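Beneath this line is the structure, given in structure tokens, with notes to follow.
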Amino acid sequence: MSTLKISDLWIYPIKSLAGIQLKKAQVEKRGLQYDRRWVLVDMEGVFVNQREFPEMNFLQPAINSHSITISHKHGKKESLSFSLTEPDSDPIEVSVWDDQCTGKPVSEEADEWFSDFLGKQVRLLFMHKKGVRPADQRYALSPSDEVSYADGYPILMISEASLALLNEKTEEHIPMNRFRANIIVSGATAHQEDSLREIEIGEVKLYGVKPCARCVMTTINIETGLKGKEPLKSLASYRKVGYKILFGENFIPAKEGVIEVGQEITIQATKAPAI
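Quick note, the sequence shown lines up with residues 761 to 1035 if you use this note's numbering.
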């Protein structure tokens, strides 16, 4: 049996913007540190995403010890920087799908910068310590489980073998970052991640709780911002359960700590996959 290892790590600090590739990451209760801790919302507090604005993927975050900087991949807009620390502002209501939680406005400057880019009035919010968004209790390990502004769960894992199998079936090559996973795994068989119930990575413990249902956002070409038919067209032929197309597994942390690329993954328990 092959040894499972972390081959790549990614975070997406602002929901629906481009991601940051890491060598190591701190696993927190809400997911990897800084992952989906910021969100853009409209004036009604509803989150804004690439489904409506594919060009959001052209905005690239970069993090240093004290701040985060957002720049346009093609240099079409001056960069924006703001502090990593919690803003000193009053929280407002946020809607992420069916969930209601709160976020603290970052600054008027950030609101104006993003509003100008999108051509729509938006606000940039930070998930503050008290802005708890409970994980879906149908799949959570405990009532205290939380999630960031991610679509549903703290951590998403995909194996290299799953993507390789998909690319044998697609009409075009699909890169891994179309799926916006946090942990990429080598050494697994295709879709082995679906069967991982309990795993350990060093001191970190994660539980696989639910396969990830994919949406039209995966069809957006990250280089051009244009939508196509793949990978959903091909995935529907072999990864469809009911009305949902599944690709990747959602995990909830049970024990925090640091993980890094190259680290081995120890399987403690498995489960029957959904497909």
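C-beta atoms are modelled at their ideal positions from N, C-alpha and C, and glycine is treated no differently.
Quantities reported herein were computed from a predicted structural model and do not represent experimental measurements.
Who are the Cβ neighbours of residue i in its own chain at under 6 Å, not counting the five residues just before and after it?
i: Gln881; result: Met803 and Ser875
i: Lys989; result: none
i: Ser776; result: Asn809, Gln810 and Met816
i: Ala822; result: Thr829
i: Ile915; result: Gly791, Asn942 and Phe1011
i: Ser923; result: Correcting the residue type first, residue 923 is Leu in the shown sequence and not Ser. These residues qualify, in order along the chain: Met936.
i: Tyr899; result: Val969 and Lys970
Report back the beta-carbon spacing between residue i and residue j to the nearest angstrom; my notes put them in contact at under 8 Å.
i: Leu956; j: Ile1027; result: 6 Å
i: Ile766; j: Val1021; result: 5 Å
i: Leu840; j: Ile852; result: Contact doesn't hold; Cβ gap of about 20 Å is too wide.
i: Phe807; j: Tyr909; result: 7 Å
i: Leu926; j: Leu1006; result: Their Cβ separation, rounded to whole angstroms, is 12 Å, which puts Leu926 and Leu1006 out of contact at 8 Å.
i: Ile780; j: Leu800; result: Rounded, the Cβ-Cβ distance is 17 Å, inconsistent with contact.
i: Leu901; j: Val854; result: No, Leu901 and Val854 are not in contact; Cβ-Cβ is about 24 Å, not under 8 Å.
i: Ala778; j: Ile1019; result: So it is not a contact: roughly 22 Å between Cβ atoms.
i: Lys864; j: Ser849; result: 5 Å
Roughly how many whole angstroms lie between the Cα atoms of residue i and residue j?
i: Pro1013; j: Glu872; result: 36 Å
i: Glu906; j: Ala973; result: 19 Å
i: Gly1008; j: Ile918; result: 5 Å
i: Ala947; j: Thr763; result: A small fix is needed here, since residue 947 is Gly in this sequence, not Ala. Answer to the nearest angstrom: the Cα atoms are 5 Å apart.
i: Lys890; j: Tyr794; result: 16 Å
i: Asp896; j: Gly912; result: 7 Å
i: Leu878; j: Ala1029; result: 45 Å
i: Ile771; j: Glu868; result: 25 Å
i: Lys1031; j: Ser997; result: 23 Å
i: Trp798; j: Val866; result: 9 Å
i: Ile1025; j: Trp857; result: 32 Å
i: Thr862; j: Glu983; result: 32 Å
i: Gly1002; j: Pro991; result: 18 Å
i: Ser904; j: Lys1015; result: 13 Å
i: Lys993; j: Thr930; result: 8 Å
i: Ala870; j: Arg883; result: 7 Å
i: Ser887; j: Phe939; result: Looking at the sequence itself, residue 887 is Met, so the reference to Ser does not match. Rounded to whole angstroms, Met887 to Phe939 spans 23 Å at the Cα level.
i: Lys783; j: Asn824; result: 14 Å
i: Gln820; j: Glu812; result: 18 Å
i: Lys789; j: Ile1035; result: 28 Å
From which residue to which residue does the beta strand (DSSP E) around residue i run?
i: Lys993; result: That residue, Lys993, is in no beta strand (DSSP E); its alpha helix (DSSP H) goes Leu992 to Leu995.
i: Leu926; result: Element bounds for Leu926: not the beta strand (DSSP E) but the alpha helix (DSSP H), Glu920 to Lys929.
i: Leu885; result: Arg883 to Phe886
i: Arg957; result: Leu956 to Ile961
i: Cys975; result: Counting along the chain, Cys975 falls outside any beta strand (DSSP E), and DSSP gives it neither H nor E.
i: Ala1014; result: Lys1004 to Lys1015
i: Gln1023; result: Counting along the chain, Gln1023 falls outside any beta strand (DSSP E), and DSSP gives it neither H nor E.
i: Leu840; result: Leu840 to Ser843
i: Lys945; result: It should be pointed out that residue 945 corresponds to Val in this sequence rather than to Lys. It spans Ile943 to Ser946 - the beta strand (DSSP E) in which Val945 sits, taken as one unbroken run.
i: Ala895; result: Element bounds for Ala895: n/a, residue is neither H nor E.
i: Thr829; result: Ser827 to His832
i: Glu788; result: Lys784 to Glu788
i: Ser767; result: Leu764 to Ile771
i: Pro821; result: Leu819 to Ile823
i: Val806; result: Here Val806 belongs to no beta strand (DSSP E), and DSSP marks it neither H nor E.
Might you give, ordered along the chain, the residues of its own chain that have their beta carbon closer than 8 Å to the beta carbon of residue i, omitting 5 neighbours on each side?
i: Lys987; result: Pro814, Val976, Thr979, Ile980 and Asn981
i: Ile944; result: Ile766, Ser767, Asp768, Leu769, Trp770, Met917, Ile918, Ser919, Glu920 and Met936
i: Pro1033; result: His951, Asp954, Ser955 and Pro971
i: Glu846; result: Lys864, Phe886, His888 and Lys889
In terms of residue numbering, what span does the alpha helix (DSSP H) encompassing residue i cover?
i: Ala870; result: Glu868 to Leu878
Got a sec? Which residues, its chain only, sit under 7 Å from residue i by beta carbon, not counting five neighbours each side?
i: Gly1017; result: Val787, Gly962, Glu963 and Val964
i: His826; result: Ser843 and Leu844
i: Asp859; result: Arg893
i: Gln1023; result: Lys765, Ile766, Ile961 and Gly962
i: Lys837; result: Phe877
i: Lys1004; result: Ala973
i: Gly985; result: Pro814, Glu815, Asn817 and Phe818
i: His933; result: Asn927
i: Ile959; result: Leu966, Ile1025, Thr1026, Ile1027 and Gln1028
Looking at the strands, I want to know which residues DSSP matches up with residue i.
i: Asp859; result: Val856
i: Met917; result: Ile943 and Glu1009
i: Tyr967; result: Glu958 and Ile1012
i: Lys987; result: Ile980
i: Ala1029; result: Glu958
i: Pro865; result: Leu885
i: Val1001; result: Lys1004
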